[in-house]
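Participant:
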Amino acid sequence: MAKQAIIKMADGGEVKIDLFEKDAPNTVANFEKLANSGFYDGLTFHRVIPGFVAQGGCPKGTGAGGPGYTINCEINPNKHERGAIAMAHAGPNTGGSQFYVVYKPQPHLDGVHTVFGKVSEGMEHVDEFKGRDRMESVRVVEE
194 MAKQAIIKMA DGGEVKIDLF EKDAPNTVAN FEKLANSGFY DGLTFHRVIP
244 GFVAQGGCPK GTGAGGPGYT INCEINPNKH ERGAIAMAHA GPNTGGSQFY
294 VVYKPQPHLD GVHTVFGKVS EGMEHVDEFK GRDRMESVRV VEE
């Protein structure tokens with residue numbers, strides 16, 4: 194069984210993400226715990242840079258917040274290609290709840306951030322983000 198994250202956007206769009214549990218087991222487990230506890234519900238994609246990334250998961254909505262703890266990076270062979278999901282951090286081993294979706298390849302981020310999933314459906318919704326786009330809910334399910 195593979196794990197998948199489903200982000201329901203407040204505007205009605207839905208983004209499905211295939212999670213890379215084998216390549217980043219602790220990062221996926223952390224994301225699943227936060228998602229299924231409702232941590233992400235109502236939060237926004239506070240940082241949207243077309244052609245680069247859409248970043249969300251900050252409880253403060255500023256990019257300065259997190260879950261109150263940090264997790265270690267799990268650098269793996271997955272690349273920052275269009276639709277990749279990776280853990281944001283302020284330096285090695287400082288990730289927590291903020292994550293980003295890549296709009297186009299960002300090879301300079303490969304080996305620096307933990308890529309832990311990839312959008313399988315709904316990238317067209319991510320493409321339409323303008324900033325402050327609100328996540329109604331995020332849940333991880335077994336597919």
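Take any residue in the sequence shown, count from 1 to its spot, add 193: that is its number in this note's numbering.
The C-beta atom is built at its ideal place from N, Cα and C for all residues, glycine as well.
Using only alpha-carbon positions, find the residue among ARG325, SER290, HIS282 that is nearest to GLY304.
Facilitator: If we check each option's Cα against that of GLY304, HIS282 comes out closest.
Participant: Could you tell me how far apart the beta carbons of THR220 and ILE268 are, in whole angstroms, since I believe they sit closer than 8 angstroms?
Facilitator: Rounded, the Cβ-Cβ distance is 10 angstroms, inconsistent with contact.
Participant: Return no unless some Cβ of chain B is closer than 9 angstroms to the Cβ of ASP211.
Facilitator: Reference to chain B is not applicable here, since this structure consists of a single protein chain.
Participant: With a cut-off of 8 angstroms on the beta carbons, I'd call GLU329 and MET202 a contact; round off their distance for me.
Facilitator: 6 angstroms
Participant: Can you pull the DSSP bridge partners for ARG275?
Facilitator: In DSSP, ARG275 forms no bridge with anything.
Participant: What are the uninterrupted segments assigned as beta strand (DSSP E) that are 3 or more residues long and contained completely in the stretch 283 to 308, given in chain order?
Facilitator: Qualifying beta strand (DSSP E) stretches, in chain order: 292 to 295.
Participant: Using alpha carbons as the reference points, say which of PRO270, ASN265, VAL241 lies closest to GLY256.
Facilitator: The shortest Cα separation from GLY256 among PRO270, ASN265, VAL241 belongs to VAL241.
Participant: Spell out a yes or no on whether the stretch 232 to 248 and the stretch 280 to 299 are touching, meaning 3 or more CB-CB pairs, one atom from each, closer than 8 angstroms.
Facilitator: yes
Participant: Check this for me: beta carbons of MET280 and VAL208, under 9 angstroms apart or not?
Facilitator: No. Outside cutoff.
Participant: With the cut-off set at 9 angstroms, would you say VAL312 and GLY288 are in Cβ contact?
Facilitator: No, these two residues do not count as a Cβ contact at 9 angstroms.
Participant: What number of angstroms, rounded off, separates the C-alpha of LYS253 from the C-alpha of ASP234?
Facilitator: 13 angstroms
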